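See below for the structure under consideration.
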Amino acid sequence: MESVSVTGSIEEQPVVSFPSPLSAESIQSRVVIAGEGPVFTGRNLVEFEFAGYNGGNGQLIQQTTFDGTQTQTGAFGPGEVPNFCEALAGAKEGSRIVAIIPPDQAHSGEGVPALGVGAADSFIFVIDLKRVFLEKATGDSVAPEAGLPTVVTTPDGVPGVTIPKTPAPTELTVAQLIRGSGDLVEEGQLVTLHYSGFLWDGSEKFDSSWDSGQAVQFQMQDGALIEGFLSAVIGQPVGSQVIAVIPPALGYGDAGAGSIPPGATLVFVIDILGTNN
C-alpha cells in the first residue's frame with residue numbers, strides 16, 4: 001500500500017499516483033483520512049464518492065465529482081464483487097480509504113472488457129465514506145404495551161412477531177420498542193430504515209427489507225407510502241424501533257395489494273436508521 005499515494009481533502013477530488021502494473025494477493029486497504037462517525041460493518045447502507053483505477057495500466061476507470069453532486073448510495077455486503085465489504089471493514093463515516101482489490105475479488109478474474117480491464121488487472125479504489133447509516137435500531141429498550149404483538153429480534157436485528165389471539169385494533173396503534181436518540185423524522189425527508197410487515201390474521205410475513213439484507217430509503221410524503229406507515233415513522237427519533245398496527249383504512253383498504261388480502265390489518269416493525277436533510 002505504501003506505493004499508492006493519495007493526497008487532497010475530503011470534498012475534493014483526490015490526487016492519486018501508483019506504479020503500474022500494481023496488484024496484491026489479497027485485499028489491502030489504508031485509511032488516508034480518518035473520520036469519527038459510525039463504523040462500517042458490512043450491514044450498513046452508506047453514501048460515498050469514489051475514484052476507481054485499473055491497476056494494470058494506471059488508467060482512471062470511473063469517478064464521481066467529490067463535490068456532493070454525484071454522491072452514491074449503496075450497501076456493500078459480504079460476498080459482493082468488487083469486494084468493498086472487506087476493503088472498507090472497520091472504516092468510520094467521514095473517512096477516505098484507498099484499497100487494492102486483486103482480480104479475483106475485483107471482477108471474479110473475468111475482467112471488464114467494456115472498461116478496458118483485463119482478467120489479470122486489479123482495481124485501485126479511493127472511497128470517501130460520507131454517511132454510514134445505522135445497521136439496526138439502537139437506543140433504550142421500552143417496555144412493550146399490553147395487547148400489541150410480541151416482537152423478538154435476532155442478534156443481527158431481524159424481527160419476528162407473535163400476534164395475540166384477540167381482535168385487531170380498529171385504530172392506528174404505534175409504540176416504541178427501542179427509543180433512539182437521533183433527530184426526529186420530519187415530513188418530506190428521505191428516511192433510511194429496515195422494516196418487516198406481517199398480517200394480523202395469521203402472523204404471515206408479506207414483506208421485509210431484512211430478506212435482502214439491505215436497508216431501504218423512503219420519502220416521507222403523501223402518496224409514497226400508505227398513510228399508516230407514514231404516521232408511524234414521522235416524529236420518531238432516529239435509532240428507534242417502532243411497532244405499528246395499521247387498520248385497513250390506513251393500509252390497503254378493501255382492495256388489498258399483492259399477497260395482502262382485502263380488509264387486512266397490518267403489523268409493521270420498523271427500524272429508523274437515518275435521514276437525509
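For the sequence shown, position 206 (counting from the first letter as 1) is numbered 206 according to the UniProt record's numbering, and the numbering increases by one without interruption. For each residue, glycine too, the CB sits at the ideal point set by N, CA and C. Keep in mind it's a predicted model, so treat the numbers as computed, not measured.
When the Cα of residue i is compared with those of the options, which residue comes out closest?
| i | options | result |
| --- | --- | --- |
| residue 149 | 203, 51 and 68 | 203 |
| residue 65 | 121, 31 and 128 | 128 |
| residue 187 | 243, 235, 170 and 157 | 235 |
| residue 179 | 15, 20 and 240 | 240 |
| residue 215 | 169, 126, 16 and 74 | 74 |
| residue 49 | 58, 79, 17 and 10 | 10 |
| residue 28 | 134, 106 and 118 | 106 |
| residue 108 | 276, 123 and 42 | 123 |
| residue 63 | 226, 227 and 126 | 126 |
| residue 23 | 256, 97, 54 and 94 | 54 |
| residue 198 | 84, 269 and 88 | 269 |
| residue 264 | 168, 224 and 230 | 168 |
| residue 103 | 95, 258 and 117 | 117 |
| residue 242 | 38, 84 and 273 | 273 |
| residue 13 | 81, 70 and 115 | 70 |
| residue 44 | 112, 57 and 76 | 76 |
| residue 181 | 195, 87 and 138 | 138 |
| residue 94 | 37, 251, 87 and 59 | 37 |
| residue 8 | 221, 189 and 51 | 51 |
| residue 114 | 61, 83 and 67 | 61 |
| residue 165 | 201, 40 and 244 | 201 |
| residue 146 | 112, 245 and 82 | 245 |
Could you pull the DSSP bridge partners for residue i from this structure?
| i | result |
| --- | --- |
| residue 192 | 217 and 274 |
| residue 235 | Its beta-bridge partners do not exist; DSSP assigns none. |
| residue 54 | 123 |
| residue 135 | BP columns for residue 135 are empty, so no partner. |
| residue 177 | Paired residue(s): none; residue 177 is not in a bridge. |
| residue 184 | 237 |
| residue 142 | Residue 142 pairs with nothing; no bridge assigned. |
| residue 156 | For residue 156, which the question treats as bridged, DSSP gives no partner whatsoever. |
| residue 39 | 92 |
| residue 207 | 197 |
| residue 222 | 225 |
For the alpha helix (DSSP H) holding residue i, just list the boundary residues, first then last.
| i | result |
| --- | --- |
| residue 60 | Counting along the chain, residue 60 falls outside any alpha helix (DSSP H), though it belongs to the beta strand (DSSP E) covering 60-63. |
| residue 159 | Note, residue 159: premise wrong, no alpha helix (DSSP H); beta strand (DSSP E) at 159-162. |
| residue 244 | Looking at the DSSP string, residue 244 is not in any alpha helix (DSSP H); the run it does join, the beta strand (DSSP E), is 241-246. |
Pick helix, strand or coil for residue i, following the three-state DSSP scheme.
| i | result |
| --- | --- |
| residue 228 | helix |
| residue 18 | coil |
| residue 267 | strand |
| residue 88 | helix |
| residue 115 | helix |
| residue 212 | coil |
| residue 45 | strand |
| residue 257 | strand |
| residue 128 | strand |
| residue 201 | coil |
Since residue i and residue j should fall inside the 8 angstroms C-beta cutoff, what is the C-beta to C-beta distance between them, to a whole number of angstroms?
| i | j | result |
| --- | --- | --- |
| residue 31 | residue 99 | Actually they are not in contact, since the Cβ atoms of residue 31 and residue 99 sit about 10 angstroms apart, beyond 8 angstroms. |
| residue 174 | residue 238 | Rounded, the Cβ-Cβ distance is 16 angstroms, inconsistent with contact. |
| residue 247 | residue 177 | Not quite, the Cβ-Cβ distance comes to about 20 angstroms (not below 8 angstroms), so this is no contact. |
| residue 6 | residue 132 | With a Cβ gap of about 20 angstroms, residue 6 and residue 132 do not count as contacting. |
| residue 271 | residue 193 | 6 angstroms |
| residue 85 | residue 42 | 5 angstroms |
| residue 141 | residue 206 | Wrong, their Cβ atoms sit about 27 angstroms apart, outside the cutoff. |
Looking at the secondary structure, which residues open and close the beta strand (DSSP E) in which residue i lies?
| i | result |
| --- | --- |
| residue 13 | Segment: none, residue 13 is in no beta strand (DSSP E) and carries neither H nor E. |
| residue 75 | 72-75 |
| residue 99 | 96-101 |
| residue 166 | Residue 166 -> no beta strand (DSSP E), and no H or E assigned at all. |
| residue 69 | Note, residue 69: premise wrong, no beta strand (DSSP E); not H, not E. |
| residue 152 | 150-153 |
| residue 6 | 5-7 |
| residue 33 | 28-33 |
Chain C beta carbons: is any one of them nearer than 9 angstroms to that of residue i?
| i | result |
| --- | --- |
| residue 244 | The structure shown contains no chain C; it holds only a single protein chain. |
Is there at least one non-hydrogen atom of the ligand MG closer than 8 angstroms to the beta-carbon of residue i?
| i | result |
| --- | --- |
| residue 194 | The ligand MG is not among the ligands present in this structure, which contains no ligands whatsoever. |
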